[in-house]
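Following: one structure in structure tokens, then a few remarks.
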Amino acid sequence: MPCTPEESSAEPMNCDDSQVKDEVSGKEKLRRWINRQMKIEMTDGRILVGVFLCTDRDGNIILGSCSEYQQTDGGFDEPRLLGLVMVPGRHVVSLHLAPNNSDGETT
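Per the numbering used here, residue 4 is the first one in the sequence shown, and the count goes up by one each step.
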């Protein structure tokens with residue numbers, strides 16, 4: 004059950020500590036991803052590589068300085084420079100973060 008306020012607005016929110024902790028840790032994880040290099044594999048086989056700028060609750064992702072790679076029979080074509088892109092969340096197959104100097108976190 005999601006963390007929601009009671010019917011009466013004067014009451015505190017009904018949340019257990021684990022829900023609040025998970026929500027805070029998720030937000031912190033996203034904050035650490037900002038301005039990091041990210042690779043996104045899409046449902047149509049394309050691969051986008053760019054700088055993670057933001058996301059929304061639907062899973063849409065904004066990448067800056069983005070390049071697109073298309074798979075061909077002999078490997079990948081030359082990258083196509085796209086610039087700023089919005090990737091719909093429903094088209095994302097997987098996300099990969101470039102290793103950071105402080106940690107090697109990938110998803």
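A virtual CB, placed ideally from N, CA and C, is assigned to each residue, including glycine.
Residue i versus residue j - alpha carbon distance
{"i": "Leu46", "j": "Gly86", "result": "It should be noted that the sequence gives Thr, not Leu, for residue 46. Spanning the two alpha carbons is a distance of roughly 20 Å."}
{"i": "Thr58", "j": "Val27", "result": "16 Å"}
{"i": "Val96", "j": "Asp80", "result": "20 Å"}
{"i": "Pro102", "j": "Glu44", "result": "17 Å"}
{"i": "Trp36", "j": "Arg93", "result": "20 Å"}
{"i": "Val90", "j": "Lys32", "result": "19 Å"}
Bridge partners - residue i, DSSP secondary structure assignment
{"i": "Lys42", "result": "Val52 and His99"}
{"i": "Leu84", "result": "Ser70"}
{"i": "Gly78", "result": "Thr75"}
Three-state secondary structure (DSSP) of residue i
{"i": "Gly67", "result": "strand"}
{"i": "Gly29", "result": "helix"}
{"i": "Gly62", "result": "coil"}
Indicate whether the contact test is met: 3 or more Cβ pairs, each with one atom in the stretch 66-78 and one in the stretch 34-54, closer than 8 Å.
By the Cβ test, the stretch 66-78 is in contact with the stretch 34-54, since at least three Cβ pairs between them sit closer than 8 Å.
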